[in-house]
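Below is one structure, written out as structure tokens, with a few remarks after it.
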Amino acid sequence: MLKILNVEPDEYSDEARLILKQVGRLVEQNMTRSELLARIHEFDILITRLRHQVDAELMDASPKLRVVVSATTGLDHIDTDYAVRKNIAVLSLRGETEFLRSIPATAELTWGLLLALTRNIPSAHTSVLAGEWQRDRFKGHELAGKRLGILGLGRIGEKVARYGLAFGMQVNAYDPRRKDALPGVGMKESMPDLLCETDVLSVHAPLNEETVNLVGASELNLLPRGSWLINTARGAIVDEAALLDALQSGQLAGAALDVLAGERTNERQIIIEYARSHSNLLLAPHIGGATYESMRATEIFMANKLKKHYEDYICAR
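Counting in this note's numbering, the sequence shown runs from 3 upward without gaps.
In structure tokens, the structure reads:
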């Protein structure tokens with residue numbers, strides 16, 4: 003019987019568990035990196051989200067491992083090239099466009115971060131808890147009439163664009179992969195064309211070799227002075243050193259990030275240290291998809307995808 007290890011089982015969908023048990027024997031346990039390395043050799047299938055780095059060391063530690071299941075669209079936590087070399091299948095949400103269109107979680111967080119940033123909500127909350135009641139300190143900005151620039155008009159970018167239209171914003175987008183237009187959204191022919199007409203830049207591009215540091219110093223300087231930036235895609239798409247320079251100089255009025263380039267390393271400390279002493283940078287620990295509703299739906303979807311993977315394998319034998 004196949005052995006399945008779920009290393010992120012907290013509040014996991016009971017319905018997904020039942021499906022997984024149709025595939026094999028399910029073991030659920032939170033593990034440290036060292037614990038996972040010590041036990042991965044026992045299992046044929048690994049289920050994870052973002053907590054663990056599935057790298058060459060981990061894959062080499064398990065000659066039995068045949069499938070890695072990750073209910074994510076981004077796969078920068080998995081060495082997919084090495085998985086191919088090891089004949090390990092990686093099942094994820096990448097490319098599952100029809101299903102993903104039903105998941106609003108990351109788009110909703112994007113809008114929440116934008117409102118929190120432009121209306122100074124976190125600072126105002128902290129001030130009230132400190133016993134203050136100083137309304138004039140927290141004057142913010144309205145979104146109506148502002149220009150929203152969407153960098154990457156995929157399924158999340160589309161939702162954010164619609165939120166912008168609902169708030170009375172002028173919405174433009176740039177996406178070299180997209181040929182059709184979205185009603186009410188101006189499609190720009192180049193990234194510079196988008197940036198120079200943007201008050202709020204919302205990043206929704208995929209992370210790949212072409213998009214690493216896609217938004218750097220020169221791109222940030224194309225934005226009108228005093229613009230805002232929101233990134234709920236992947237941290238490495240934005241050059242964080244250039245971002246900090248833009249925040250310190252006032253080129254950017256503020257930024258809100260749910261993702262960092264060095265989420266699994268101490269590199270993130272530079273960004274965190276800045277945010278500790280500056281209210282124009284808001285941070286969240288990659289919670290875009292972390293809603294009860296979306297996690298339940300994706301867990302069930304991925305359990306069914308794993309089941310079908312093995313059904314297809316058996317039929318092909």
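Beta carbons are placed, not taken as given, at the ideal position from N, Cα and C, and that holds for glycine.
Because the structure is a prediction, the values reported are computed rather than measured.
Residues that residue i bridges to, as DSSP identifies them
i	result
K322	Residue coverage of the chain in this structure runs from 3 to 319, which leaves residue 322 outside it and unanswerable.
L48	L7 and V70
Among the options, the one whose alpha carbon lies nearest that of residue i
i	options	result
N215	E242, L116, A277 and M61	E242
H79	E265, G154, L203 and L7	E265
W135	S125, G142, H143 and E144	S125
R179	G154, R236 and G188	G154
T234	A244, E221, A257 and M171	A257
A286	L225, I273, T75 and D177	I273
Y276	P226, H127, A292 and L259	L259
V202	H143, K181, L28 and L184	H143
R164	A109, D195, S220 and G290	A109
L117	L52, W230, L249 and G252	W230
T120	N282, N306 and V261	N282
H106	A305, K310, G291 and K307	It is Pro, not His, that sits at residue 106 in the sequence shown. Answer by Cα proximity: G291.
Q2	V173, H43, L7 and S279	An answer regarding residue 2 cannot be provided, because it is not within the stretch 3 to 319 covered by the chain.
H311	I42, V71 and E59	V71
A73	E44, H54, M61 and L224	H54
L4	L38, L254, H43 and P11	H43
E211	R236, S279, D138 and E191	R236
E221	F140, M193 and R41	M193
A244	L224, G218, F101 and V205	G218
S279	E295, F101, L249 and V86	L249
N223	R103, T200, R137 and V162	T200
E161	P226, K141 and V205	First, the residue type needs correcting, since residue 161 is Lys and not Glu in the sequence shown. Nearest of P226, K141 and V205 to K161, Cα basis: V205.
L2	D247, P208 and Q253	Past the boundaries of the shown model lies residue 2; the chain is included only from 3 to 319, so the question cannot be answered.
Alpha helix (DSSP H) segment containing residue i, residue limits
i	result
G166	R157 to A168
T99	T99 to L102
S279	R270 to S279
L38	R35 to R41
N32	No alpha helix (DSSP H) contains N32, which DSSP labels as neither H nor E.
S220	A219 to L224
L60	A58 to D62
L77	Careful: L77 lies outside any alpha helix (DSSP H) and carries neither H nor E.
L106	Inspection of the sequence shows that residue 106 is occupied by Pro rather than by Leu. Per DSSP, P106 belongs to no alpha helix (DSSP H) and is neither H nor E.
D182	Per DSSP, D182 belongs to no alpha helix (DSSP H) and is neither H nor E.
L95	L95 -> no alpha helix (DSSP H), and no H or E assigned at all.
L197	M193 to L197
Which of helix, strand or coil DSSP assigns to residue i
i	result
Y84	helix
V214	coil
A238	helix
N89	coil
G114	helix
R149	strand
I232	strand
L203	strand
R53	coil
K141	coil
S251	helix
I289	coil
A263	coil
R227	coil
S15	coil
L20	helix
E295	helix
L209	coil
E313	helix
E301	helix
Residue span of the beta strand (DSSP E) that contains residue i, given as start and end
i	result
A257	L254 to L259
T128	First-last for T128: I123 to L131, but that is the alpha helix (DSSP H), not the beta strand (DSSP E).
A1	The structure shown does not extend to residue 1, since the chain is modelled only from 3 through 319, so no value can be given for it.
L285	L283 to L285
G188	V187 to M189
Any non-hydrogen atom of the ligand PLP within 8 angstroms of residue i CB
i	result
K66	This structure lacks the ligand PLP; in fact it carries no ligand of any kind.
Counting beta carbon pairs with one atom in the stretch 141-150 and one in the stretch 84-94, are three or more of them shorter than 8 angstroms?
no
Are the stretch 296-312 and the stretch 19-37 in contact at 8 angstroms, needing three or more beta carbon pairs?
yes
Is the stretch 57-66 touching the stretch 8-18 in the sense that three or more CB pairs, one from each, lie closer than 8 angstroms?
no
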